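Worksheet: one structure, shown below.
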Amino acid sequence: MVTGTSQFETLSQLITGPGIDWSQITKLHLDEYIGLSELSPARFRKYLKERFIAQVLELKTANLVNGEADPQAECERLGNLIRNNLAEVTLIRIRENRYIAFNGPPADMETDQSYLII
131 MVTGTSQFET
141 LSQLITGPGI
151 DWSQITKLHL
161 DEYIGLSELS
171 PARFRKYLKE
181 RFIAQVLELK
191 TANLVNGEAD
201 PQAECERLGN
211 LIRNNLAEVT
221 LIRIRENRYI
231 AFNGPPADME
241 TDQSYLII
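Here it is in structure tokens:
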């Protein structure tokens, strides 16, 4: 799940929409800054905790990117989660310049890694 102001309405609709059994949903976080404190207002993890996870208390699991962990180890941890869990729905934003998350030109579109340090 991506963050930012473009997602305010999407998150609101998800949280208030009927018929979603959140106890069956595993959330996987897409991107994060490296080295910012957990308390920084710029942290995507903080954004998701406040605007989504705190609102959906019965969520099965929330796997967030830890930008304060060793970056390579965190990429490996998250890559393993992706390889071992089928993604049925993905919420992302593709920007006008064709960026997906932070994967802007010259992104490596040939990699088999799920997460990269850029």
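Just so you know, the working numbering puts the end of the sequence shown at 248, numbered straight through with nothing missing.
Positions of the beta carbon are idealized from the N, C-alpha and C atoms, including for glycine.
Keep in mind the model is a prediction, meaning the values are calculated, not measured.
Leaving aside the five residues that flank ILE164 on each side, the residues in its chain whose CB is nearer than 6 Å to its CB run, in chain order, GLY197 and PRO201. Non-local C-beta neighbours of ALA217 in its own chain, meaning closer than 8 Å and more than five positions away in sequence, comprise LEU158, ordered along the chain.
Ranked by Cα distance from THR191, the options ASN215, ALA199, SER170 and ASP242 are led by ASN215. Each of GLU180, GLN185 and LEU246 was checked against the Cα of GLY147, and the nearest Cα belongs to GLN185. Within the segment 168 to 197, complete alpha helix (DSSP H) segments of at least 4 residues are found at 174 to 181, given in chain order.
The Cβ atoms of LEU141 and ARG181 lie closer than 8 Å to each other. Taking the C-beta atoms as reference points, VAL195 is found nearer than 8 Å to ASP161. Relative to the Cα of VAL219, the nearest Cα in the group GLU139, THR156 and ILE248 belongs to THR156.
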